[in-house]
Amino acid sequence: MTIKETLKLNRTFEFIIAAIMLILATYFLIPLYLMIVNSLKPLSEIRGGNMLALPIEASLDHWKTAWSSAQIGVQPIGLRPYFINSIKMVIPSVIISTVMGSFSGFVLAKWRFKGDEILFGLILFGCFIPFQIVLIPTAKVLGMLHLAGSTQGLILVHSVYGLGFTTLFFRNAYKTIPSEMIQAAQIDGASFMYIFNRIILPLSTPVFVVSIIWQTTNIWNDFLFGASFGGAASQPLTVALNNLVSSSTGVKEYNVHFAGALLAALPTLIIYFVSGKYFVRGLTSGSVKG
Amino acid sequence: MLGIKRWRITKDDLVARSVLFPTVVLTMVFVYAFIIFTIYISFTNSKLMPTFGWVGFQNYIKLFKLDHWHIALKNMVIFSVLYIGLSTLFGLFMAILIDLNKFSETFFRPIYLYPMAISFIVTGTAWKWFLDPGIGIERIMHQWGFTSFHFTWIKDSEFAIYTIVIAAIWQVSGYIMVIFLAGLRAIPHETIESAVVDGASVFTLYTKIVIPQLNAAFLSVFVILGHMAIKSYDLVVALTSGGPGRATELPSTFMYSYTFTRNQMGIGAASAVFMLTIFGIIIIPYLRHQIKADIE
């Protein structure tokens, strides 16, 4: 039984609710709609017409420009190389942080040792800090490791600062597995890795999906680390997009900006609409425990 | 206490310790050692690079004398109050509606929540041109015949901060809705049913019975919004780059520019320490509360 069923709302009331919800939906969709329609219009239509109007002469030319020839900084190379930089950065970081999080989450969920709660609290604190507090030493350490401005440097940073969230996800998921299962296996002489591979992993698909989606979305969308530690050959897409849009020289090509913004949004939007439930689960366990 | 021991494995396992080890070391270095390093730098005369010449509280004194920092602080207060207050109201309202509509899960929820899946740089771009007087909302209204309509906030140093509030609320409301929705669904059903049987109106039901039972959700929402408000950075960069002039600077943008472009690293570090302090005041009691609740 839900509140809705208990209240037995009448038709008029239901209609009013639906109407408000449609208005809200419109409000939420306006920015996305604006980006789509205006990415298809020639510049003259945007400047001379109404931004909310559908395109008269629709074409994908501006998407091509944004992808392969738009001016980013000083180079007319489009967003494509940066898109590839982002992919090269995201995939290893997601794998590393998720695998490490699954181990540490398992241990923190099922092993009791001195100071375990404090340790978990310390790890958790680390995933919420304002990253401004670590920018200076991170820059210095990346320099010392000869990773400044490289994709490897960004992978290191994203893997480390993702650990708090991945540990949290896995710990919460593994707490629901009965300890008796693990203890029984231990009595039979099973090793840690055997228990992890044979008992834990087969039960872990949902939490892996949650962790991978969360990490992919966060790292793909990151701007601060990319802007601080990305170099000429490793800058992620978000930084390049910002350079494209905020460039003050030349004509403002709004259509190219919108096409570029959509290119940057597309991967995470697709993941979101395909896997909605798991995305929501990541959001809520990032905030409320369990 | 006994309960804890029963659901935890006490048998010592060297492998278990060693798989946890890298996470612990990395956290200790990249979070805690780095925080200490930044705090140390905030007491030095570091300019372009970190140096170790101790200057005491000078950077903090200089920081709080800077007009630029005052603007950033004032904006942080305006932004946080409006962002936290309005997103909470908006998110709660949406959660109540979603809970009452039958197409909500499949149709409306994905639409309300999708902004959370996209980068602030992307949504900032959309809002930047939508709010631009030259091609955006003002022009749209003029074309629809409302020729006296004016909306130039984004170019106006007094009002530009509110455009950031608008875009930020738009982005986060769906998230807040999801948290409240989980809270609504967890309310014991008897309390609602008995109120309905007693003839409570819908309004009374929500204000007197339902909302007072959402304490835990409210707490989570305030903490989430509070720490997001302090961290807000990308959206400002994309929407206004801190402008016009310095009108929309926040501590986060201030820290970045003093540290990396103005070569005043000591002052930049001091501003980061200030941000961490505010953050700690919000989050540490919350984490303690959550972990304690978790054990019980």
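Those sequence lines, one after another, are chains A and B. By our numbering, the letter at position 25 of the first sequence is numbered 26, and the numbering carries on one by one without gaps. By our numbering, the letter at position 208 of the second sequence is numbered 223, and the numbering carries on one by one without gaps. Beta carbons are placed, not taken as given, at the ideal position from N, Cα and C, and that holds for glycine.
From the listed residues B:Y301, B:H304, B:P227, B:W185, the smallest Cα separation to L101 (chain B) is found for B:W185. With respect to chain A, the C-beta atom of K170 (chain B) has no partner C-beta closer than 8 Å. Contacts with chain A (Cβ-Cβ distance below 7 Å) from the stretch 245-269 of chain B involve I245, K246, Y248, D249, V252, A253, S256, S267, listed in chain order. Remark: C-beta atoms of A210 (chain B) and F94 (chain B) do not approach each other more closely than 8 Å. Fully enclosed alpha helix (DSSP H) runs of no fewer than 4 residues occupy 62-65, 81-111 of the stretch 57-119 of chain A, in order along the chain. Annotation for E205 (chain B): the continuous alpha helix (DSSP H) segment containing it runs 204-212.
Per the Cβ contact rule, the stretch 188-208 of chain A is not in contact with the stretch 259-271 of chain A (fewer than 3 Cβ pairs under 8 Å). Residue-level contact by beta carbon holds for H242 (chain B) and chain A, with a gap shorter than 8 Å. G139 (chain B) sits in a helix when the DSSP states are folded into three classes. Taking all protein chains in view, the Cβ of I57 (chain A) is surrounded by fewer than 16 other Cβ atoms within 10 Å, so the residue is classified as exposed. Residues are counted here when their Cβ sits less than 9 Å from a Cβ of chain A; for the stretch 123-146 of chain B these are F123, R124, P125, I126, Y127, L128, Y129, P130, M131, A132, I133, S134, F135, I136, V137, T138, G139, T140, A141, W142, K143, W144, F145, given in chain order. Listed by position along chain A, the residues whose Cβ is nearer than 7 Å to that of A31 (chain B) are V108, W112, F193. Selection A:I137, A:C128, A:I24 evaluated against Q279 (chain B) yields A:I137 as nearest (Cα-Cα).
Residue pairing by DSSP leaves T162 (chain B) without any beta bridge partner.
Of the residues A:L267, A:R282, A:L8, A:Y255, the one whose Cα lies closest to the Cα of S45 (chain A) is A:Y255.
Under the three-pair Cβ rule at 8 Å, the stretch 134-141 of chain B counts as touching the stretch 25-38 of chain A.
Under DSSP, G150 (chain A) forms a beta bridge with A:G231. Contact check for F104 (chain A) against L155 (chain A) fails: the beta carbons are separated by 8 Å or more.
In this structure F224 (chain A) is not in contact with F171 (chain A), their Cβ atoms being roughly 27 Å apart against a cut-off of 8 Å. Neighbours of Y190 (chain B) in chain A, taken as residues whose beta carbon is under 7 Å from its own, are L284 in chain order. Check the Cα spacing between A186 (chain A) and each of A:K65, A:M22, A:I201, A:A174: the tightest is with A:I201.
Annotated three-state conformation of T7 (chain A) is helix, per DSSP.
For I31 (chain A), the enclosing alpha helix (DSSP H) begins and ends at 12-40. The C-beta separation of M290 (chain B) from I134 (chain A) comes to about 7 Å, placing the pair in contact by the 8 Å criterion.
Using a Cβ-Cβ cut-off of 8 Å, G190 (chain A) does not count as an interface residue toward chain B, since no Cβ of chain B sits closer than that to its own. Under the three-state reduction of DSSP, T121 (chain B) is assigned to helix. In the same chain as I297 (chain B), and ignoring 5 residues on each side of it, the C-beta atoms closer than 7 Å to its own belong to V238, G241, H242, in chain order. In the three-state scheme derived from DSSP, where H, G and I count as helix and E and B as strand, T218 (chain A) is classed as helix. By the CB criterion at 8 Å, A265 (chain A) and I73 (chain A) fall outside the cutoff. In chain B, no part has a C-beta under 9 Å from the C-beta of N244 (chain A); the shortest such distance is about 10 Å.
Chain A places no beta carbon closer than 8 Å to that of P227 (chain B), leaving this residue out of the contacts.
Rounded to whole angstroms, the separation of the alpha carbons of S87 (chain A) and S134 (chain B) is 13 Å.
Contact annotation: in the stretch 271-301 of chain B, residues whose CB is within less than 9 Å of a CB in chain A are Y271, T274, F275, M280, G283, A284, S286, A287, V288, M290, L291, I293, F294, G295, I298, I299. Under the Cβ distance rule, E153 (chain B) does not count among the residues neighbouring chain A, no pair being separated by less than 8 Å. When DSSP states are grouped into helix, strand and coil, T167 (chain A) belongs to the helix group. For E173 (chain B), the number of other beta carbons within 10 angstroms of its own is below 16, and it is reported as exposed.
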